[in-house]
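Remarks on the structure that follows.
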Amino acid sequence: MQKASISESVIRRLPRYYRYLSQLESQGIERTSSRELGIQLGLTASQIRQDLNCFGEFGQQGYGYNVAALRRQLKLIIGLNKSRSAIIVGAGNLGKVIAANIDFCAYGFRLTGIFDIDHNICGSEIAGFTVQHMDSLEQFCRETEPLIAVLCIPQEAAQETADILTALGVKGFWNFSHCDLDVDRCQFQVENVHLGDSLMTLSYRMPKDED
């Protein structure tokens, strides 16, 4: 089945399955069931079976799922076995945290460069990379062909930067710039990360009588 035919809701549940299966495998658990997965993840057994059936037949009736085998299959489905080149644009506080704490290789990517427009930051070292000035971005992209860019820049600069990067061959964005990028979703992939949205969601879920 082609990825384009898989619903967004299913795609967003895959990392949760993979993460929990990784926990089970690290605990030495060899098999599980859709019911057990559902209890732990707050989903129905039927939903889990439907989600996994989008990609093939993985379980056996009366046995359930082999944890290690299902985890390996999800790793391939998600693309965690890849090594796609990635750059970070914006070496401020957030960019530094992402560079230093995200294991890009574990998620199918390979960090190759970090860029900023601030001359006071350029030349400094973050996570083993020397921060380069944006003036060198075009040459870097033409030489190394990064596939994705992590945007940790102000909202007002995000769209222009994205336009420049798409013209240089970047195909995907992990966007922390507090805006939704306007790109052709048929050609480019965007994951907009709005940290404030997550905090507002938590606020909504908090008991209202504690105001």
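Taking the working numbering, I'd label the letters of the sequence shown as residues 8 to 218. Even for Gly, the Cβ is constructed at its ideal location relative to N, Cα and C.
Item                                                                                                                    : Value
Residues of its chain near Ser210, where Cβ-Cβ distance is below 8 Å and the 5 sequence neighbours each way are ignored : none
Phe195: first and last residue of the uninterrupted beta strand (DSSP E) it sits in                                     : Element bounds for Phe195: n/a, residue is neither H nor E.
Member of Ile124, Glu145, Leu101 and Thr151 whose CA lies at the smallest distance from the CA of Leu118                : Thr151
Beta-carbon spacing of Cys159, Gly102 below 7 Å                                                                         : yes
Secondary structure of Tyr72, DSSP reduced to three states                                                              : strand
C-alpha gap between Ile18 and Pro214, whole angstroms                                                                   : 30 Å
7 Å Cβ shell around Ser29 - same chain, five flanking residues per side excluded                                        : Arg78
Whole-angstrom distance between Ala106 and Tyr24, CA atom to CA atom                                                    : 25 Å
Own chain partners of Gln80 with C-beta closer than 7 Å, once the 5 adjacent residues on each side are dropped          : Phe65
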